[in-house]
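Asks: Take a look at this one; I'll ask things after.
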Amino acid sequence: MSFRERLQSWRYNLVPDHLVGEILTKRWTDNAIPFLALVATLATFGSVIPGFFKLTSLQESTRQLGEFSMVVTGMTVVMLGGGIDLSVGSIFALSCFSAVYVFFILEQSIWLALAASLATGLVFGAINGYLVGYLRLRAFLTTLVTFIFGRALFDILVTTYAADVQLSTATSDVLDFIGDSTFWGLSVSVWLAIILAIVTHIALTRSRPGWHVLAVGGSRRSAHNAGIRVRRTVFMTYVFSGFCASIGGFLIACRLSGAGPGTGLNLEIMALTAAVVGGVSLGGGRGSVVKGLMGAIIVLTMTNGLIRLGYGTGTNQMVLGIMLAVAVTIDIRWLKNRHKVLNEVYVAPVYLRMGATQSAAPGSGTPYELDNRLSEADHIGLGELEGPEDVILDRDDNLYCGTRHGEIIRFFAPDYVRSEVFAHIGGFPLGLAFDKSGNLISCVGAMGLYSVSPDREVKRLSAETSRSWTSIVDDARMRDPNDCDVAPDGRIYFTDSTKRYDAHDWALDSIENRATGRLLVYDPKDGSTKTLLDGYRYTNGVCMAHDGKSLFFAESWACRVHRYWLEGPKADTAECVIRDMPGYPDNINRASDGNYWMAWLGMRTPSFDLSLRHPDMRKRMTRRLPQDEWLFPNINTGGVVKFNEKGGIVEAMGDLTGGAHPMVTSMREHKGYLFVGGILNNRIGRYKISGADPNWTSPASYWGAAS
Amino acid sequence: MSAIGWPNFRSLNQEGIVFAIAVVLFVAAAFGLPGFIDPNNLVAIVRSVSVLGILALGMAVVIIGRGIDLSAVAIMAMSVAWYLQLLNSGTPDGLAFAYVLAGVLAIGLLNGFLVAYADVPAIFVTLATGSFVFGYVRSQLITQDAVPVPQGHWVELLGGLRFLDIPVEVFVFAGLAFLIFLFLRYTKWGRYIYFAGDNPVAARNIGIPVRPMLVLRYVLSAFVAFIAGLLTAASLHSINTRVVNSTLLYDIVLVAVIGGIGLSGGRGGVRNVLVGAALIGILLNAMTIIDIPLLYQNLIKAAILLGAIIVDGIINPRDEQTAQQGDI
Chain A
1 MSFRERLQSW RYNLVPDHLV GEILTKRWTD NAIPFLALVA TLATFGSVIP GFFKLTSLQE
61 STRQLGEFSM VVTGMTVVML GGGIDLSVGS IFALSCFSAV YVFFILEQSI WLALAASLAT
121 GLVFGAINGY LVGYLRLRAF LTTLVTFIFG RALFDILVTT YAADVQLSTA TSDVLDFIGD
181 STFWGLSVSV WLAIILAIVT HIALTRSRPG WHVLAVGGSR RSAHNAGIRV RRTVFMTYVF
241 SGFCASIGGF LIACRLSGAG PGTGLNLEIM ALTAAVVGGV SLGGGRGSVV KGLMGAIIVL
301 TMTNGLIRLG YGTGTNQMVL GIMLAVAVTI DIRWLKNRHK VLNEVYVAPV YLRMGATQSA
361 APGSGTPYEL DNRLSEADHI GLGELEGPED VILDRDDNLY CGTRHGEIIR FFAPDYVRSE
421 VFAHIGGFPL GLAFDKSGNL ISCVGAMGLY SVSPDREVKR LSAETSRSWT SIVDDARMRD
481 PNDCDVAPDG RIYFTDSTKR YDAHDWALDS IENRATGRLL VYDPKDGSTK TLLDGYRYTN
541 GVCMAHDGKS LFFAESWACR VHRYWLEGPK ADTAECVIRD MPGYPDNINR ASDGNYWMAW
601 LGMRTPSFDL SLRHPDMRKR MTRRLPQDEW LFPNINTGGV VKFNEKGGIV EAMGDLTGGA
661 HPMVTSMREH KGYLFVGGIL NNRIGRYKIS GADPNWTSPA SYWGAAS
Chain B
708 MSAIGWPNFR SLNQEGIVFA IAVVLFVAAA FGLPGFIDPN NLVAIVRSVS VLGILALGMA
768 VVIIGRGIDL SAVAIMAMSV AWYLQLLNSG TPDGLAFAYV LAGVLAIGLL NGFLVAYADV
828 PAIFVTLATG SFVFGYVRSQ LITQDAVPVP QGHWVELLGG LRFLDIPVEV FVFAGLAFLI
888 FLFLRYTKWG RYIYFAGDNP VAARNIGIPV RPMLVLRYVL SAFVAFIAGL LTAASLHSIN
948 TRVVNSTLLY DIVLVAVIGG IGLSGGRGGV RNVLVGAALI GILLNAMTII DIPLLYQNLI
1008 KAAILLGAII VDGIINPRDE QTAQQGDI
């Protein structure tokens, strides 16, 4: 191995590039940026301002945070529903004034003051909601106008009644408690804010009205077409926002025992900035209460911090402006480009040097030598089928295969002309096997392991296995269940070819060549699924050995066949029995003479083998070239290979004309004939095997003669 | 549309209604309010709406192109405040002017770039830059809320200029209105603004440089705001930066929207601004003569703006099937 190749293998096999793409598929990456911003803000101001983290200092700043975060929670809900509420500052101020008026001037009880506060907020929110929700006005301008309106009203009221409030002698213990006391170290406003946040979070994520809000924000038109009452939902978000702002206003009335011209000033831009900085998306549908709270802490820490550091008038606006512009831009760009970045970085090829192989060319004299015998096969269902990946025959000689349309088709013996849809599954059925009681077991691409009873009842057996601790993506879910076989004790052994790609992206998996294929076992006794082996390059066909004590499975992109022992001295271990084949192996099935049939889905080419030694080149290829021009495994020629128990190659046959069976993904021997399927083919082939046992059938070989 | 001044009731539109209301108000005020019809008062009305009208012209161009510029007032006040501050601290006039002009154009470019190339909604971009401009200039570049015009400076002289007893800003307003009218109506680029505002995607598909033109509009709006700021300083002999926190910005939007320039873009023109400015000018003047306190005037203006937006929403309705996602 040259030094260059050694470097390449270190670079691409030891550096886990694929993790970047896997992390980006996680939804929590949306939270990562605001969270880092939060940590950075707290760290910066905590270190610059002496005594920032002292208890008394924290209590004072969190009191303000309680009120502010309530307003932000309301704003978050409105934004999740696809709107915006700029009038929160006015609602906050007016609610504060209502409480002050009822308590200090009318000298009523504090509870009546609270009721007045809430009523103010709800009415104001309902006006916004009516205008934006029912009249369909533009949220931004409408709430801007109601904001001016409310502010003008508040200014008039405050100038009129300021003196009266000053002269009032009303006091209340409850008011002092709410305004000044702490409860287990935290002020009342913080407790209320936490409760409100929790309730809102649960309502948004676990309740029907909350889901409606998210649906309307995510796509207003779809929500409308799905029958959600969009207008009412939007209306309710504004009412909720008014409610939140009014509680905040009540709390500040208690804390300051009055209302001044500065109450709620600039609150709308602060709340908006907080929500956007926290990562609540403009236009709705994406975001959460927690994000809003993170944003609230960032914004309040920054603005208060700057004041405490002694910066002058206008600094707040400057900082808010910068934060808003940066956060909105990041939000929009991130939303637009996330999937592009993901596509760019997801494919992370590794280095592999394939071993030298024997030729399969006709006349080369090797056991792999291909010929034209498969082109002589009769065809079944020509033009009616699309994608019979696997074929199987039952005891009554009927023929079954899966199709691209998500169905299992049955062809009736003896001439296989008449057919019917045996069962509709919904995903692409790949591997097929019969168990002892005649249920048809199938690996369904991207869905899992399914069973179809003789009376056509479809049942899901398994869709996930245990999750591995070190994996970033959730590898419990099966992405590409490929082939299965049933052991004498009824356990179903099956393969999941890759953890990184869905079934239809198999070409990307071959280009990346990362070893993530698994061998799994499903136990019908307790319904559990376990991972037996992991880390193979596209595990594919599975076949029980004739004695039922071991199984063979194919590793496609490495061109190898392995034997996994179920019992005996080597139980639970795998050994490689065939290596460095010239073709990519697919399904494996039993042959009548005690050997095994193996399908080749394609043939190795020197060019692709070479490209496997150049992961950098493959990476550039997937980024810069259109998919049509990618180099990937040759699937224009395949074949069928027979091998014996020890892994020795007995014979090979193919269709070098490419007319009938260029690519073979499965074959099944039945009463002297070989039935041949291909995932990209439009027919099933039936080939008469010379010298084969005319009475041998697979169900009898597995489960004994019919009783 | 065709017969302004001769209302055609069969095809009544917002512009016609507003014009009729303005006329009715004018007549009512002329008979009901003492001193309203006095020539000096009429000049005062026109003068009072000149600055507002100039700002509304810039806003109108942006709104026709389906945008909005909430940073206009901040640019207007802060650019001039910085300019005067530079002059007061002894910077040569030419250099100071160059600095400020560069700053104004930079903010316009930033607005336009973020809207056009980063696809950020105009409303947020300009809200953010407006806040930033005010905060930055107030905290870093000037020392007080109000900055006076230096003695004998040309801005002061500008404020004293009169032709036929009419102050100069009226002529500036008229001139700018005429220029923008010509630009919108008779130049290729002006027509493109309507196309881009009506259907940006289609405009882009037929080869109109939609994004560079978006940038141009925000630069234009910033520049117009700067002119308005200079005129304000000229007539008051100082600039008070507190105007940024006042309701002036909403008055501008009010003038544009109430005149009939649809917020969804592609509709309206200079004439709508003039009609809107006339109504607001008469209204404000009448309220001042009746002696309604400023706070109540704000309340009344907000109510009118709300009414205008509701009417706009009814005339240009949006529903679930046609509304664009994220269009707030």
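These protein sequence lines are chains A and B, in that order. Going by the working numbering, 51 is the number at position 51 of the first sequence; the sequence numbering is gapless. Here the working numbering = 1-based position in the second sequence + 707. Here a beta-carbon is modelled for each residue, glycine too, at the ideal position from N, C-alpha and C.
Could you please give the first and the last residue of the uninterrupted beta strand (DSSP E) stretch that includes A/Cys-254?
Replies: As a working mapping, residue 254 of chain A is identified with position 254 in the first sequence. No beta strand (DSSP E) holds A/Cys-254; the alpha helix (DSSP H) holding it covers 230-256.
Asks: How would you write the range of the beta strand (DSSP E) that A/Phe-552 sits in, first residue to last?
Replies: Position 552 of the first sequence, counted from the start, is the residue given in the question as residue 552 of chain A. It spans 550-555 - the beta strand (DSSP E) in which A/Phe-552 sits, taken as one unbroken run.
Asks: Pull up the distance between the alpha-carbon of B/Asn-906 and that of B/Leu-891, whole angstroms please.
Replies: Counting from one through the second sequence, the residue named residue 906 of chain B turns up at place 199. Counting from one through the second sequence, the residue named residue 891 of chain B turns up at place 184. So the two alpha carbons sit approximately 17 Å from each other.
Asks: Any contact of the stretch 607-623 of chain A with the stretch 392-405 of chain A, i.e. 3+ C-beta pairs under 8 Å?
Replies: Flag = no, the stretch 607-623 of chain A and the stretch 392-405 of chain A do not touch.
Asks: Taking A/Arg-333 as the query, report the chain B residues whose CB atoms sit under 9 Å from its CB, ordered along the chain.
Replies: In the first sequence, residue 333 of chain A corresponds to position 333, counting from 1. Going along chain B in sequence order, the residues near A/Arg-333 (Cβ under 9 Å) are Ala-825, Asp-826 and Val-827.
Asks: Output needed for A/Arg-418: all residues of its chain with C-beta closer than 6 Å, excluding positions within five of it in sequence on either side, in chain order.
Replies: Here residue 418 of chain A is taken as the residue at index 418 of the first sequence, counted from 1. Closer than 6 Å at Cβ, skipping near neighbours: Phe-412.
Asks: With respect to the alpha helix (DSSP H) encompassing B/Phe-933, which residues constitute its N-terminal and C-terminal limits?
Replies: Counted from its first residue, the second sequence places residue 933 of chain B at position 226. Unbroken alpha helix (DSSP H) run through B/Phe-933: 917-943.
Asks: Between B/Phe-820 and chain A, is there a C-beta pair that is closer than 8 Å?
Replies: Taking the first residue of the second sequence as position 1, residue 820 of chain B is located at position 113. It does not; no Cβ of chain A falls within 8 Å.
Asks: Just to confirm my understanding: we take A/Pro-388, look at its own chain, exclude 5 residues before and 5 after, and list those with CB closer than 6 Å. What are they?
Replies: To locate residue 388 of chain A, count along the first sequence from 1; it is residue 388. If we look at A/Pro-388 and ignore the five residues flanking it on each side, its Cβ neighbours are Cys-401, Gly-677 and Ile-684.
Asks: What is the DSSP secondary structure of A/Val-280, counted as helix, strand or coil?
Replies: The residue you call residue 280 of chain A lines up with position 280 of the first sequence. Residue state, collapsed to three classes: coil.
Asks: Contact between the stretch 982-997 of chain B and the stretch 814-824 of chain B is defined here as three or more beta-carbon pairs at a separation below 8 Å; is this criterion met?
Replies: No: fewer than three Cβ pairs fall under 8 Å.
Asks: I think A/Met-598 touches A/Gly-638, with their Cβ atoms under 8 Å apart; what is that distance to the nearest whole Å?
Replies: Residue numbering aside, residue 598 of chain A sits at position 598 when the first sequence is read from its first letter. Residue numbering aside, residue 638 of chain A sits at position 638 when the first sequence is read from its first letter. With a Cβ gap of about 11 Å, A/Met-598 and A/Gly-638 do not count as contacting.
Asks: Grouping DSSP H, G and I as helix and E and B as strand, with all else coil, what is A/Cys-484?
Replies: Position 484 of the first sequence holds residue 484 of chain A. The answer is strand: DSSP assigns A/Cys-484 an E or B state.
Asks: Tell me where the alpha helix (DSSP H) around A/Thr-159 begins and ends.
Replies: Numbered from 1 along the first sequence, position 159 holds the residue referred to as residue 159 of chain A. A/Thr-159 -> alpha helix (DSSP H) spans 139-167.
Asks: Among the residues of its own chain, which have a CB less than 7 Å from the CB of A/Arg-467, if the five just before and after it don't count?
Replies: What you label residue 467 of chain A is simply residue 467 of the first sequence in a count that begins at 1. Asp-474, Asp-475 and Ala-476.
Asks: List, in order along the chain, the chain B residues whose C-beta lies closer than 8 Å to that of A/Val-145?
Replies: Here the question's residue 145 of chain A lines up with position 145 in the first sequence. Per Cβ cutoff of 8 Å: Tyr-957, Ala-1009, Leu-1012, Leu-1013 and Ile-1016.
Asks: Ignore the nearest five residues each way along the sequence and tell me which others in A/Arg-714's own chain have a CB closer than 6 Å to its CB.
Replies: The structure shown has nothing for residue 714 of chain A, since chain A only spans 1 to 707.
Asks: Can a CB atom of chain B be found closer than 8 Å to the CB of A/Gln-64?
Replies: As a position in the first sequence, residue 64 of chain A is number 64, starting the count at 1. So, not an interface residue.
Asks: Between B/Ile-1022 and chain A, is the shortest Cβ-Cβ distance under 8 Å, so that the two count as touching?
Replies: Taking the first residue of the second sequence as 1, we reach residue 1022 of chain B at position 315. No, its Cβ sits nowhere closer than 8 Å to a Cβ of chain A.
Asks: Against chain A, does B/Val-832 count as a neighbour if the rule is that its beta carbon must be under 8 Å from one of theirs?
Replies: One-based indexing of the second sequence puts residue 832 of chain B at position 125. B/Val-832 counts as touching chain A.
Asks: Would A/Phe-147 be called buried (16 or more neighbouring beta carbons within 10 Å of its own) or exposed?
Replies: One-based indexing of the first sequence puts residue 147 of chain A at position 147. A/Phe-147 should be labelled buried.
Asks: Note down, in chain order, every chain B residue with its Cβ under 7 Å from the Cβ of A/Met-318.
Replies: Taking the first sequence and counting its residues from 1, the one referred to as residue 318 of chain A is at position 318. Under the 7 Å cutoff, chain B gives Phe-839, Gly-842, Tyr-843 and Ser-846.
Asks: Give the residues of chain B in contact with A/Thr-315, contact being defined as C-beta atoms less than 7 Å apart.
Replies: Here residue 315 of chain A refers to the residue found at position 315 of the first sequence. Those within 7 Å of A/Thr-315 in chain B are Gly-842 and Ser-846.
Asks: Among the residues of its own chain, which have a CB less than 7 Å from the CB of A/Ile-578, if the five just before and after it don't count?
Replies: Mapped onto the first sequence, residue 578 of chain A falls at position 578. Hits under 7 Å: Arg-560, Val-561, Phe-643 and Gly-647.
Asks: Looking at A/Asp-85: is its Cβ nearer than 8 Å to the Cβ of A/Tyr-311?
Replies: Taking the first sequence and counting its residues from 1, the one referred to as residue 85 of chain A is at position 85. Taking the first sequence and counting its residues from 1, the one referred to as residue 311 of chain A is at position 311. No, they are not a contact pair.
Asks: Counting only the same chain and skipping the five closest in sequence on each side, list residues whose C-beta sits under 6 Å from that of A/Leu-674.
Replies: Taking the first residue of the first sequence as position 1, residue 674 of chain A is located at position 674. Cβ within range, chain order: Met-667, Tyr-687 and Ile-689.
Asks: Evaluate B/Ala-805 with the Cβ neighbour count: other Cβ atoms within 10 Å of its Cβ, from every protein chain shown; 16 or more gives buried, anything less gives exposed.
Replies: The residue you call residue 805 of chain B lines up with position 98 of the second sequence. B/Ala-805 should be labelled exposed.
Asks: Which residues, taken in chain order from the stretch 953-980 of chain B, show a beta carbon closer than 7 Å to some beta carbon of chain A?
Replies: Those residues of the stretch 953-980 of chain B that come within reach of chain A (Cβ to Cβ, closer than 7 Å) are Thr-954, Tyr-957 and Leu-970.
Asks: Could you name the residues of chain C that B/Leu-1006 contacts, counting a contact when the two beta carbons are closer than 8 Å?
Replies: The question asks about chain C, but that chain is absent: this structure's protein chains are A and B.
Asks: Alpha carbon to alpha carbon, how far is B/Trp-861 from B/Ala-940?
Replies: On the second sequence, residue 861 of chain B is found 154 positions in, with the first residue counted as 1. On the second sequence, residue 940 of chain B is found 233 positions in, with the first residue counted as 1. Cα to Cα, B/Trp-861 sits roughly 11 Å from B/Ala-940.
Asks: Write down the C-beta distance between A/Cys-484 and A/Ile-511 rounded to the nearest angstrom, noting that I regard them as a contact closer than 8 Å.
Replies: Translated into positions along the first sequence, residue 484 of chain A becomes position 484. Translated into positions along the first sequence, residue 511 of chain A becomes position 511. That pair is no contact at about 26 Å.
Asks: Measuring only between beta-carbons, confirm whether B/Ala-779 sits less than 8 Å from chain A.
Replies: Start at 1 with the first residue of the second sequence, and residue 779 of chain B comes out as number 72. Not an interface residue.
Asks: Return helix, strand or coil for A/Leu-14, following the three-state DSSP convention.
Replies: As a first step, residue 14 of chain A is located in the first sequence; it is residue number 14 there, counting from the start. Reduced to three states, the DSSP call for A/Leu-14 is helix.
Asks: Which term fits A/Gln-8, buried or exposed, when burial requires 16 or more other beta carbons within 10 angstroms of its beta carbon?
Replies: In the first sequence, counting from the first residue as 1, residue 8 of chain A sits at position 8. When all chains shown are included, A/Gln-8 counts as buried.
Asks: Report yes if the CB atom of A/Gly-285 is closer than 8 Å to the CB atom of A/Leu-80, and no otherwise.
Replies: Along the first sequence, one-based indexing puts residue 285 of chain A at 285. Along the first sequence, one-based indexing puts residue 80 of chain A at 80. Cβ atoms of A/Gly-285 and A/Leu-80: closer than 8 Å.
Asks: Hey, could you find the ends of the beta strand (DSSP E) A/Arg-686 is sitting in?
Replies: Residue mapping note: residue 686 of chain A aligns to position 686 of the first sequence, counting from 1. Segment 684-688, the beta strand (DSSP E) holding A/Arg-686.
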